[in-house]
Amino acid sequence: MFRNQYDSDVTVWSPQGRLHQVEYAIAAVKLGTATVGLKNNDYAVLVALCKPPSELSASQRKIIAIDEHLGISIAGITADARVLSKYLRSECLSYKHSYGSTYPVPRLITTLGNKMQTTTQRYDRRPYGVGLLLAGYDEKGPHIYKVEPSANYFNCKAMTIGSRSQSARTYLERHLATFNTCTKDDIICHGIHAIRSTLPNDELSKDDGASQLMITVAIVGKDQPFKVLTDEENLFYLDMAKKRGATMLSKSGRNDDDDDTPPPIAEDKPEPAGPRDPQVAVATMERP
Amino acid sequence: MNALGVEQFPDYKVPGVQHVDFSPYESNGGSIVAIAGEDFVVIAADTRLSSGYSIHSRDQSKLFKLSPHTVLGSTGCWCDTLSLTGLMKVRMQMYEHTHMKTMTTDAVAQMLSIVMYNRRFFPYYVSNILAGLDKDGKGVVYSYDPIGHCERATYRAGGTAGSLLQPVLDNQIGYKNQNLAADQLPPLTKDRAVSVASDTFISAAERDIYTGDSVLINIITKDGIEQKTLQLRKD
Amino acid sequence: MMNNAFAQPMWLNGPAPGQFYNFMGGNTQAELPRELTTAGPFGTKHSTAAITTGSSVVGIRYAGGVLVAADTLVSYGSLARYQNIDRVFKINDKILLGGSGDFADIQSIKRSIDQKMIEDQCCNDGVVMKPKSLASWLTRVLYNRRSRMNPLYIDVVVAGVDEAGVPFLGNVDLRGRAYDDYVVATGFGRHLALPLVRERKPKDRDFTFEEASNLIRECMKVLYYRDTRSIPQYTVGICSASDCSVKGPFKVEENWTFAETVEGY
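Just so you know, the sequences run in chain order A, B and C.
Under this note's numbering, the first residue of the first sequence is numbered 2, with each subsequent residue one higher.
Under this note's numbering, the first residue of the second sequence is numbered 7, with each subsequent residue one higher.
Under this note's numbering, the first residue of the third sequence is numbered 7, with each subsequent residue one higher.
Here's what the structure looks like:
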């Protein structure tokens, strides 16, 4: 994307009806490492790739617990995510303090969307440069939400954001029909397979042992408070995914092709690659 | 207005003017006993919630699990207990999120003292006893006064029958004034701690009308919290 | 909240005509809620007594639901002032609220609750408030008011079922003291109805609906005979997984023939 005369601040429209600053923020999400969220009937799972930025440093925290029923995984500017997670945590805590129960997930997303929207309409603010995948569980079951810097949020069956997420998206689409009824182990394995497909081929070929794949996995669901899996559990599931990989992948065939742009998975809105017109539609959960 | 003389409305009591004082406090009764051992701690509280001669509930737990190895027993003004424990739970979740670990019993003890002292001039009217395992896995008991004075102990009784129960514990657990040398003190076992705690409540229920109905006993060890119930007299 | 975004008028914080400029950080004096301001010109202070009052509320939990009953009287001192007022309210499809104490305060808190129910509906996500949440919220509101020494003079019964159909019956008083049990009562019901219900409680199981409704009928009768601030007419709220409604008004079956036999007074 080139600098042009209509991107001086977020309150300036381009003649094509675009907000360039907001689109730049969305581009920041694509710089972050990939993360995947998916759910079955009882559980929502987040899987994130956490590559250390250099050999000397530890990797960034990709998954942040918000409350016992809710957590987010992030792609983009981590510092912005910290501000948002702080906001979500304090909302959840004060809700729990006054009502003695957990914050209904769709309502929390609505308040988050409202907070983020103000940054897209004021000259003295910049949009949050981070995309969120939010996994939560409430009385209506598990939820996966995607939140963009544009303050759009989408209620998803499965979703992925971050760099090279297109391949993971392809994987998720291929297996979408099976997610609802599969087991807890299966859904985690699907998540791991999806995130594996975002790795470049050369890194993937190195990936002979489970230790090569640096991932964080978190799960939340029925009788399962939000939990980031330990290293041992990660290895266990990586192993399981590897064993199942042969059967799962042979059914569909691997597809790493990034140019491939199949229809997306979001229930509500397509997300075409690259810059696009700002979306005004807001996805709300339809009543069951 | 001044012409009407209404600004001189008297501060003192005037005959014929009805005035009802509101007291923000009320005693809802209840007793707690906690006994710490080498690798365990026992905390027990009765389940009667009353005010005056009315019993509101015969089945109200006064033990609040704050973490897998810390339990707070709180009695006194029940609305203050609810507020205080609610606030403690919020603060503990905040700690857990910022530090990525659960608060130790000693940290909880310190925080409880500060939270209570924050209301120095409008205190939480509660008698708190905190029981748990410290970072070395040793049983500890902390007791508090309503404004946050905190004291570490190995056994303690609190609540409406606290003054009845503490001397029993001094005798049975502390072996006070029995002229025993330090090496002669019999070691405290879990079973004995539970049975002494149970016995003190049975005695308290005889003499204290605010203690009765049943006792909830929590036994905290490194393997988790074991819960027991014991029925008391219900009159 | 976001007002600081807009440019301030030139003469904000300036002196009123004929007065001096206030250099002490502008007129940021916090506007206290009216109930917090102390003694007014007529010596008015925080409300210190209930004026129009409702008497007992009795609630009983049975297997699968709850019953809440209250007579329809709102007294003004010893005067039986309003005789046809429901004191048991349906809050939503899961919650009943029975109110005793100052009726103005009950109406005030009821308005706030109704507003919350409307906010629930506005979310349009099918999530409704549960009785346990409402009771918890009430403890926070009432505790805050008592901590400001300006309590709402009410004693309420919150009853209902949660999303799994499990019944809940609780009580919150003017200080924010809260508990839940299989039977709760306020006012004189605490002395007259509670022992009556506890006596009949089977040790090993919950009440059945028949047992609970018979007990409610009997409690309301006893309360009418013995509580001077009551009338022989009451409403009963029923809440279970399938139904939430306030039934009535019902009449107490009074029988005063024994009065002739009373001697020695």
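Just so you know, even glycine gets a beta-carbon here, dropped at the ideal spot from N, CA and C.
Being a predicted model, the structure only gives us computed values, none of them experimental.
In angstroms, rounded to a whole number, what distance separates the CA positions of S84 of chain C and G114 of chain A? Looking up residue 84 of chain C in the third sequence gives position 78. Looking up residue 114 of chain A in the first sequence gives position 113. Rounded to the nearest angstrom, the gap between the Cα atoms of S84 of chain C and G114 of chain A is 55 Å.
Name the residues in the stretch 62 to 96 of chain B whose C-beta lies less than 7 Å from a C-beta of chain E; which are they? This model lacks chain E altogether, as its protein chains are A, B and C.
Quick one: what does DSSP say N9 of chain C is sitting in, helix, strand or coil? Looking up residue 9 of chain C in the third sequence gives position 3. Confidence at N9 of chain C is low in this model, with a pLDDT of 47, below 50, so the placement of that residue is unreliable and no value is reported for it.
Distance between L55 of chain B and L57 of chain A (C-alpha atoms, nearest Å): What you label residue 57 of chain A is simply residue 56 of the first sequence in a count that begins at 1. What you label residue 55 of chain B is simply residue 49 of the second sequence in a count that begins at 1. Distance between the alpha carbons of L57 of chain A and L55 of chain B is about 59 Å.
Closer than 9 Å, CB to CB, is W143 of chain C near chain A or not? For this step, residue 143 of chain C is matched to residue 137 along the third sequence. Closer than 9 Å to the CB of W143 of chain C there is at least one CB belonging to chain A.
Can you pull the chain A neighbours of V163 of chain C, defined as C-beta to C-beta under 9 Å? For the purposes of this step, residue 163 of chain C is taken as residue 157 along the third sequence, with counting starting at 1. Here the premise fails: no neighbours, minimum Cβ distance about 17 Å.
Using a Cβ-Cβ distance cut-off of 9 Å, determine whether S251 of chain A contacts chain C. Taking the first sequence and counting its residues from 1, the one referred to as residue 251 of chain A is at position 250. Low local confidence applies: a pLDDT of 45 at S251 of chain A is under 50, so the model's placement there is unreliable, with the coordinate-based value given in what follows. No, S251 of chain A lies away from the interface with chain C (no Cβ there is under 9 Å from its Cβ).
Strand pairing of K71 of chain B, partner residues [DSSP]: Within the second sequence, the letter at position 65 stands for residue 71 of chain B. K71 of chain B is bridged by DSSP to B:V77.
Between which two residues does the beta strand (DSSP E) carrying C245 of chain C extend? If you number the third sequence from 1, residue 245 of chain C lands on position 239. For C245 of chain C, the uninterrupted beta strand (DSSP E) segment begins and ends at Q239 to S246.
Are the C-beta atoms of S81 of chain C and some chain A residue less than 9 Å apart? As a first step, residue 81 of chain C is located in the third sequence; it is residue number 75 there, counting from the start. Not one chain A Cβ lies under 9 Å of S81 of chain C.
Taking only the alpha-carbon atoms, compute the straight-line gap between V30 of chain A and Q22 of chain A and give it to the nearest angstrom. One-based indexing of the first sequence puts residue 30 of chain A at position 29. One-based indexing of the first sequence puts residue 22 of chain A at position 21. Rounded to whole angstroms, V30 of chain A to Q22 of chain A spans 13 Å at the Cα level.
Quick one: give me the first and last residue of the beta strand (DSSP E) that H62 of chain B is part of. Taking the first residue of the second sequence as position 1, residue 62 of chain B is located at position 56. Counting along the chain, the beta strand (DSSP E) containing H62 of chain B begins and ends at S60 to S63.
Neighbouring residues, chain C, relative to E140 of chain A (Cβ below 7 Å): For the purposes of this step, residue 140 of chain A is identified with residue 139 of the first sequence, where counting begins at 1. Under the 7 Å cutoff, chain C gives V133 and E169.
Measure the alpha-carbon distance for I193 of chain A versus L239 of chain A and round it to whole angstroms. Working through the first sequence from its first residue, we reach residue 193 of chain A at position 192. Working through the first sequence from its first residue, we reach residue 239 of chain A at position 238. Cα to Cα, I193 of chain A sits roughly 7 Å from L239 of chain A.
Length of the line joining the Cα atoms of D60 of chain B and Y104 of chain A: Position 54 of the second sequence, counted from the first residue, corresponds to residue 60 of chain B. Position 103 of the first sequence, counted from the first residue, corresponds to residue 104 of chain A. Residue identity check: residue 60 of chain B is Ser in the sequence provided, not Asp. Each residue's alpha carbon lies about 36 Å from the other.
Let me see if you follow: with CB-CB separation under 9 Å, is M122 of chain B close to chain A or not? Sequence index remark: in the second sequence, residue 122 of chain B carries index 116 (1-based). Not flagged as an interface residue toward chain A: M122 of chain B, since no C-beta distance is shorter than 9 Å.
S60 of chain B versus chain C: which residues are under 9 Å apart at the beta carbon? As a working note, residue 60 of chain B is residue 54 in the second sequence. Simply R196, H197 and L200.
Which residues in chain C have a C-beta closer than 7 Å to the C-beta of L55 of chain B? List them in chain order. Working through the second sequence from its first residue, we reach residue 55 of chain B at position 49. Close to L55 of chain B, with beta-carbon spacing below 7 Å, are these residues of chain C in chain order: Y185.
Could you tell me the distance, in whole angstroms, from the CA atom of E205 of chain C to the CA atom of L88 of chain B? Here residue 205 of chain C is taken as the residue at index 199 of the third sequence, counted from 1. Here residue 88 of chain B is taken as the residue at index 82 of the second sequence, counted from 1. Approximately 29 Å between the Cα atoms of the pair.
Secondary structure at K228 of chain B, three-state DSSP: helix, strand or coil? In the second sequence, residue 228 of chain B corresponds to position 222, counting from 1. It is coil, neither helix nor strand.
Can you tell which of B:D219, B:G230 and B:D229 has its C-alpha closest to the C-alpha of K68 of chain B? Along the second sequence, one-based indexing puts residue 68 of chain B at 62. Residue B:D219 holds the alpha-carbon nearest to the alpha-carbon of K68 of chain B among B:D219, B:G230 and B:D229.
Identify which residue in C:G243, C:R87 and C:G254 has its Cα closest to the Cα of S236 of chain C. What you label residue 236 of chain C is simply residue 230 of the third sequence in a count that begins at 1. Closest by alpha carbon: C:R87.
Does the Cβ of L102 of chain C have 16 or more other Cβ atoms within 10 Å, making it buried, or fewer, making it exposed? Looking up residue 102 of chain C in the third sequence gives position 96. Burial call: buried.
Assigned secondary structure, E69 of chain A (DSSP; H/G/I helix, E/B strand, else coil): In the first sequence, the residue the question calls residue 69 of chain A occupies position 68. In the structure shown, the three-state DSSP call for E69 of chain A is coil.
Would DSSP call A40 of chain B helix, strand or coil? Residue 40 of chain B sits at position 34 when you count from the first residue of the second sequence. Strand at A40 of chain B.
Assuming T36 of chain A contacts I220 of chain A under a Cβ cut-off of 8 Å, what Cβ separation, rounded to an integer in Å, is found between them? Taking the first sequence and counting its residues from 1, the one referred to as residue 36 of chain A is at position 35. Taking the first sequence and counting its residues from 1, the one referred to as residue 220 of chain A is at position 219. No, T36 of chain A and I220 of chain A are not in contact; Cβ-Cβ is about 14 Å, not under 8 Å.
By a C-beta neighbour count over all protein chains shown, 10 Å radius and 16 as the cutoff for buried, is S80 of chain B buried or exposed? Mapped onto the second sequence, residue 80 of chain B falls at position 74. Its Cβ being crowded by 16 or more others within 10 Å, S80 of chain B is buried.
Below-9 Å beta-carbon distance, P201 of chain A vs any chain C residue: Along the first sequence, read from residue 1 onward, the residue named residue 201 of chain A stands at position 200. The beta-carbon of P201 of chain A is placed no less than 9 Å from the nearest beta-carbon of chain C.
CA-CA distance, R126 of chain A and N124 of chain B? For the purposes of this step, residue 126 of chain A is taken as residue 125 along the first sequence, with counting starting at 1. For the purposes of this step, residue 124 of chain B is taken as residue 118 along the second sequence, with counting starting at 1. Straight through space, the alpha carbons of N124 of chain B and R126 of chain A are spaced by roughly 37 Å.
Does DSSP put D139 of chain A in a helix, in a strand, or in coil? Here residue 139 of chain A refers to the residue found at position 138 of the first sequence. In this structure, DSSP gives D139 of chain A an extended state, which the three-state scheme calls strand.
Of the choices B:S149, B:Q66, B:I208 and B:D197, whose alpha-carbon is the least far from that of E44 of chain B? For the purposes of this step, residue 44 of chain B is taken as residue 38 along the second sequence, with counting starting at 1. Distances from the CA of E44 of chain B to each of B:S149, B:Q66, B:I208 and B:D197 were compared; the closest alpha carbon is that of B:D197.
Using a beta-carbon distance below 9 Å, is T121 of chain A in contact with chain C? Here residue 121 of chain A refers to the residue found at position 120 when the first sequence is read from its first residue. No - not a single Cβ of chain C is within 9 Å of the one on T121 of chain A.
Under a Cβ-count criterion, where at least 16 other Cβ atoms within 10 Å of its own Cβ denotes burial, should K40 of chain A be classed as buried or exposed? Against the first sequence, residue 40 of chain A aligns to sequence position 39. Of the residues assessed, K40 of chain A falls on the buried side of the cut-off, its CB having 16 or more other CB atoms within 10 angstroms.
Proximity below 9 Å, CB of V47 of chain B to CB of A137 of chain B: On the second sequence, position 41 is the one that residue 47 of chain B refers to. On the second sequence, position 131 is the one that residue 137 of chain B refers to. It is a contact, given that the beta carbons lie within the stated cut-off.
Grab me the residues of L238 of chain B's own chain with a C-beta within less than 7 Å of its C-beta, minus the 5 sequence neighbours each way, in chain order. Within the second sequence, the letter at position 232 stands for residue 238 of chain B. Same-chain partners within the cutoff: D52, F207, I208, A211, G218, D219, S220 and V221.
Cut-off 6 Å between Cβ atoms - residues of its own chain near G70 of chain C, not counting five sequence neighbours on either side: Start at 1 with the first residue of the third sequence, and residue 70 of chain C comes out as number 64. The answer, listed in chain order, is S246.
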